[in-house]
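Residue numbers (my numbering): 1 to 259.
Reviewing the structure listed below.
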């Protein structure tokens, strides 16, 4: 009985200091994490991080959120620091399952951060490419469609790369991709073999007609630009010093494509 009481008192005497150390580390670490997250949020807002992110094409993803980009980064910093604090605090008790779990989570965090950066960069590139294609093909009826397709394609590549970074691309994206391709193939087989022949034929006729109209319009635009440039050159030659009257009278007629 005396030995059991001694063992219990020894266990309590050993556990209480560890518990006190655990609580102190947890409290101090929580305060430090909160202060650093608040400081990071203030610095990011001061340097214009939110405006840069909005120009990068992530604004649409944050429209439905109650946080801006600086708040999200600050929250991420806060929770990462909190995980480190928890790992340090539970380490007071020696080896335990919670410490092992926290160690695995912390080891996984760099891959998650890199994946987030990949998605953000892919979204920025997708937005830039979409605006570039839409501006270059603004005169074409299908310009916006091509811009959206390119944007979705680039963003999809970024998401696949991000999933590959965290190690879930082969277990998630591959079955989903196979399912999507199989669905599309099934729709095409059933549709083409059944009632989609006439609608597809009509759709192709419409696409070909639109392509012919667009080609003619582009040709006329190029011809107009060339005629305008030639007229400007003729005008410059006419008004140049040393040009005789006969030449000037000949060149005074604007060029319309043929004499």
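Each residue gets a CB set at the ideal place from its N, CA and C atoms; glycine is no exception.
Only counting the same chain, and skipping five residues up and downstream in sequence, which positions put a Cβ closer than 8 Å to that of residue i?
i           : result
residue 90  : 22, 96, 98, 99, 102
residue 32  : 81, 85
residue 111 : 165, 166, 167
Can you tell me the Cα-Cα spacing of residue i and residue j, whole angstroms?
i           : j           : result
residue 249 : residue 53  : Because the pLDDT at residue 249 is just 46, under 50, the model does not fix this residue reliably, and the point stays unresolved.
residue 220 : residue 124 : 35 Å
residue 230 : residue 222 : 12 Å
residue 270 : residue 163 : With the chain represented from 1 up to 259, any question about residue 270 goes unanswered, as that position is not in the structure.
residue 16  : residue 93  : 11 Å
residue 283 : residue 24  : There is simply no residue 283 to check, as the chain begins at 1 and stops at 259 in what is shown.
residue 263 : residue 207 : Nothing about residue 263 can be read from this structure; the chain reaches only from 1 to 259.
residue 26  : residue 12  : 21 Å
Put residue i into one of helix, strand or coil per three-state DSSP.
i           : result
residue 239 : coil
residue 138 : coil
residue 66  : coil
residue 167 : coil
residue 96  : coil
residue 47  : coil
In or out: residue i buried (at least 16 other Cβ within 10 Å) or exposed?
i           : result
residue 165 : buried
residue 118 : buried
residue 154 : buried
residue 18  : exposed
residue 133 : buried
residue 38  : exposed
residue 126 : buried
residue 107 : exposed
residue 179 : exposed
Would you check if the distance between the CB atom of residue i and the CB atom of residue j is smaller than 8 Å?
i           : j           : result
residue 156 : residue 121 : no
residue 44  : residue 73  : yes
residue 50  : residue 66  : no
residue 77  : residue 20  : no
Going by beta carbon distance, what residues of the same chain come within less than 7 Å of residue i, once the five residues before and after it are set aside?
i           : result
residue 130 : 147, 148, 150, 151
residue 260 : Because the chain here runs from 1 to 259, residue 260 falls outside it and cannot be looked at.
residue 105 : 83
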